[in-house]
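2 protein chains.
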Amino acid sequence: MLTIGIDVGGTKVLGVALDPDAPAHVLAEARVPTPGGGDGLVETLLALIAALTTGLRPPDAIGVGVPGLVDQSGRLHMGPHLRRVQDLPLAALLAERSGVRSLVDNDANCHALAEHAAGAIVGVDEALVVTFGTGIGAGIITAGRLLRGANGFAGEPGHMIVDLDGPPCPCGKRGCWEQLASGAALGRFAQEAAAAGRLGAVLAGAGGDPAVIRGEDVTRAARSGDAEAGDVLLQWSGWLALGLANLVNILDPAVVVLGGGLVDDADLYLPAVRARYDGLVMAGDQRPRLPIVAAALGGSAGAIGAAVLAAGGT
Amino acid sequence: MLTIGIDVGGTKVLGVALDPDAPAHVLAEARVPTPGGGDGLVETLLALIAALTTGLRPPDAIGVGVPGLVDQSGRLHMGPHLRRVQDLPLAALLAERSGVRSLVDNDANCHALAEHAAGAIVGVDEALVVTFGTGIGAGIITAGRLLRGANGFAGEPGHMIVDLDGPPCPCGKRGCWEQLASGAALGRFAQEAAAAGRLGAVLAGAGGDPAVIRGEDVTRAARSGDAEAGDVLLQWSGWLALGLANLVNILDPAVVVLGGGLVDDADLYLPAVRARYDGLVMAGDQRPRLPIVAAALGGSAGAIGAAVLAAGGT
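Taken in sequence, the protein lines are chains L and A.
For the first sequence, the numbering used here begins at 2 and goes up steadily by one.
For the second sequence, the numbering used here begins at 2 and goes up steadily by one.
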């Protein structure tokens with residue numbers, strides 16, 4: 002069965018053509034910019050599918066992962082990066098326009114499906130995949146299947162409130178976990194440190210403007226031995242660990258997988274996350290040691306997972 | 002099949018004999034004090050079982066619910082009210098001593114099983130049952146079954162940290178949800194209000210000693226129109242709602258059931274919980290309205306659920 006998997010990101014839409022009999026075996030790959038506000042999203046996806054299947058036969062199924070609330074029918078209720086898209090029956094529209102069976106799910110759910118099918122948690126029945134980027138997403142695997150909840154909206158720990166007086170979130174609340182532990186939050190912590198007179202080297206590298214400092218600047222400086230960058234990374238790691246501990250108290254997974262762009266630098270912060278997590282989880286000394294690992298699949302994980310979804314993986 | 006269900010509480014152990022073919026039909030009921038520190042727990046349970054089955058035939062299965070971390074083999078790793086019990090293979094010991102198949106699970110899981118078998122969520126496949134007492138427990142139903150996690154430790158949102166600078170918890174952390182939203186937390190908020198010169202009528206009723214004010218005193222005063230008691234109840238309701246919103250973001254249940262002693266006064270605070278929850282859950286305006294309801298079964302719910310567990314309910 003030839004399946005198409007598409008990951009709709011904040012800036013780009015990545016598609017793969019996959020032979021699910023050999024999971025994660027990518028036959029073709031293509032990417033286009035994410036249409037501004039989400040306008041013409043269906044047309045963008047159709048053009049990408051056409052590009053992916055050039056020289057191949059027509060696909061048997063299409064899967065799409067999008068950030069936001071996607072219900073069980075594949076309707077996108079809202080997506081943070083697709084402002085002008087609301088209540089879009091994306092799966093139905095895609096199926097109608099392409100003539101191919103189409104499924105749509107949350108992008109973090111697709112990440113989890115990919116790691117479960119061909120990544121860090123193959124054969125693991127209880128697992129948690131958390132992706133850290135502009136926001137935080139999660140896919141929860143229990144009894145070997147994705148936990149989708151009553152509406153398909155499960156797995157949004159990014160909006161778990163962990164500090165009522167914390168930084169404001171675009172969602173309208175304060176202190177959502179993703180304002181303290183996402184990749185974007187790492188950048189904000191660094192900006193605050195630079196504005197307060199610390200992180201001199203990082204600030205100089207950013208041309209003296211704190212506002213342009215990003216999370217990657219912190220990890221790069223920390224790797225080269227910048228102690229103040231290490232402190233910022235530690236501050237962020239603590240919040241990351243707190244949210245993980247909360248989730249483990251609720252879900253008790255056998256493995257936690259961390260995904261998203263910052264995973265390439267996991268060696269820099271995982272030991273700190275680990276130590277802080279052990280101190281924050283309930284009865285840490287009574288539990289088997291929980292593996293907290295980096296995602297095994299790279300930047301194509303979301304698209305691969307969308308193809309797994311299309312192939313009937315659950 | 003004649004089953005015994007036993008709920009080991011902080012102060013009393015309640016047992017029921019149940020005909021599971023007529024769920025929640027209690028043939029016999031008995032209670033004894035919880036042995037101090039948990040010493041002699043197995044003997045206490047055996048004596049209770051003997052009392053329950055006097056005049057009945059020997060039971061076919063025994064179920065026990067205990068607060069704390071219980072693994073899938075029925076081993077109690079730790080229980081907050083059973084200090085001297087650690088790593089007790091309770092199910093194995095009970096089976097050996099009684100000659101009857103025995104299962105042990107977390108008490109909040111048993112509550113959820115009871116509500117699912119014969120209470121507020123019969124036939125509901127995605128549900129969350131949260132019990133508020135000295136602490137906070139939860140049973141998570143997904144795909145029609147209890148979510149137990151990798152070790153059986155799932156469903157401990159009471160130790161979800163929601164305020165790093167919050168009140169200390171016996172678990173060693175600060176700002177665990179149960180320090181802000183349990184029945185005991187309501188009592189503490191009232192004590193703090195009284196110590197600060199508010200809650201005059203409640204304080205007088207407590208003989209002038211803030212330390213003896215309990216949650217029930219607040220609800221009683223609020224019911225009789227005491228505005229300051231109403232304010233304390235509102236403060237507590239806000240924290241209750243915050244934790245529920247966090248859990249719904251993660252689990253997306255179709256129904257939330259609130260259990261525990263304070264449920265009899267749910268009419269006093271559910272509207273406030275409801276309003277605050279609607280403002281805190283992610284994308285509240287994009288979701289179907291979530292029913293937040295009081296538990297349907299009373300004080301025997303935990304014991305009934307333990308019997309459901311024994312009968313093979315999952």
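Ideal placement from N, C-alpha and C gives every residue a C-beta, glycine not left out.
Exercise. Are V17(A) and E30(A) closer than 8 angstroms when you measure CB to CB?
Worked result: Yes, the Cβ-Cβ distance between V17(A) and E30(A) is below 8 angstroms.
Exercise. Hey, is the segment 249-259 of chain A in contact with the segment 111-127 of chain L, meaning 3+ C-beta pairs nearer than 8 angstroms?
Worked result: Taking a contact to require three or more Cβ pairs closer than 8 angstroms, the segment 249-259 of chain A and the segment 111-127 of chain L do not qualify as touching.
Exercise. Where L46(L) and P60(L) are concerned, what is the direct C-alpha to C-alpha distance, given to the nearest angstrom?
Worked result: L46(L) and P60(L) have their alpha carbons spaced roughly 14 angstroms apart.
For this session: Provide the residue span of the alpha helix (DSSP H) that contains H112(A), from first to last.
Result: Element bounds for H112(A): 108-119.
Exercise. For D166(A), does the count of other Cβ atoms within 10 angstroms reach 16, so buried, or fall short, so exposed?
Worked result: Exposed is the call here.
Exercise. Going by Cα to Cα distance, which pick from R85(A), G64(A), P254(A) is closest to L148(A)?
Worked result: It is P254(A) whose Cα lies nearest to the Cα of L148(A).
Problem set entry | Simplified DSSP assignment, three categories, for Q87(A) | Strand at Q87(A).
For this session: Could you tell me whether the segment 191-207 of chain L touches the segment 148-159 of chain L, where touching means 3 or more Cβ pairs closer than 8 angstroms?
Result: Verdict: no, contact absent.
Exercise. Helix or strand or just coil, what does DSSP make of A308(L)?
Worked result: Of the three classes helix, strand and coil, the one that applies to A308(L) here is helix, per DSSP.
Exercise. Mind listing which residues of the segment 133-151 of chain L have their C-beta closer than 9 angstroms to chain A's C-betas, in chain order?
Worked result: Answer set for the segment 133-151 of chain L: A139, I141, T143, A144, R146, L148, R149, G150, A151.
Problem set entry | Residue of V130(L), H160(L), A230(L) minimising C-alpha distance to P292(L) | If we check each option's Cα against that of P292(L), V130(L) comes out closest.
Problem set entry | Near-chain L residues of the segment 52-78 of chain A - C-beta to any C-beta below 9 angstroms | Answer set for the segment 52-78 of chain A: G69, L70, H78.
Problem set entry | Residues of its chain near G37(L), where Cβ-Cβ distance is below 8 angstroms and the 5 sequence neighbours each way are ignored | So no residue of the chain qualifies.
Problem set entry | Boundaries (first-last residue) of the beta strand (DSSP E) holding V67(L) | Taken as a continuous stretch (DSSP letters only), the beta strand (DSSP E) holding V67(L) covers 62-67.
Exercise. Based on Cα-Cα distance, which residue from A196(A), W240(A), R224(A), G134(A) lies nearest to L181(A)?
Worked result: The option with the nearest alpha carbon to L181(A) is W240(A).
For this session: Output, in sequence order along the chain, the residues in the segment 210-243 of chain A whose CB is closer than 8 angstroms to any CB in chain L.
Result: Here the close residues are L243.
For this session: Check distances from the C-beta atoms of the segment 8-32 of chain L to those of chain A and list, in chain order, the residues that come in under 7 angstroms.
Result: Along the segment 8-32 of chain L, none of the residues has a CB nearer than 7 angstroms to a CB of chain A.
Exercise. By a C-beta neighbour count over all protein chains shown, 10 Å radius and 16 as the cutoff for buried, is D210(A) buried or exposed?
Worked result: When all chains shown are included, D210(A) counts as exposed.
Exercise. What does F154(L) touch in chain A if you count any residue whose Cβ is under 9 angstroms from its own?
Worked result: Chain A residues near F154(L): V249, N250, D253, M283, A284, Q287, R288.
Exercise. Could one say the Cβ of D108(L) lies closer than 8 angstroms to chain A's Cβ atoms, at least one of them?
Worked result: The C-beta of D108(L) comes no closer than 8 angstroms to any C-beta of chain A.
For this session: Quick one: list the residues of chain A neighbouring L165(L), beta-carbon separation under 8 angstroms, in chain order.
Result: Result: V163, D164, L243.
Exercise. Looking at C-alpha atoms only, which residue of T55(L), A62(L), A92(L), G313(L) is the closest neighbour of V71(L)?
Worked result: Here the closest residue by C-alpha is A92(L).
Problem set entry | Assigned secondary structure, P158(L) (DSSP; H/G/I helix, E/B strand, else coil) | The answer is helix: DSSP assigns P158(L) an H, G or I state.
Problem set entry | Proximity below 8 angstroms, CB of G80(A) to CB of P90(A) | 8 angstroms or more divides the Cβ of G80(A) from the Cβ of P90(A).
Problem set entry | Assigned secondary structure, P169(L) (DSSP; H/G/I helix, E/B strand, else coil) | Three-state result, P169(L): strand.
Exercise. Which residues of chain A have a Cβ atom closer than 7 angstroms to the Cβ of H160(L), listed in chain order?
Worked result: Identification of chain A residues near H160(L) by a Cβ-Cβ cut-off of 7 angstroms yields N250, M283, ordered along the chain.
Exercise. Is A307(A) near I7(A), with beta carbons less than 8 angstroms apart?
Worked result: Yes, the Cβ-Cβ distance between A307(A) and I7(A) is below 8 angstroms.
Exercise. If you run the structure through DSSP and keep just helix, strand and coil, what is G209(A)?
Worked result: It is coil, neither helix nor strand.
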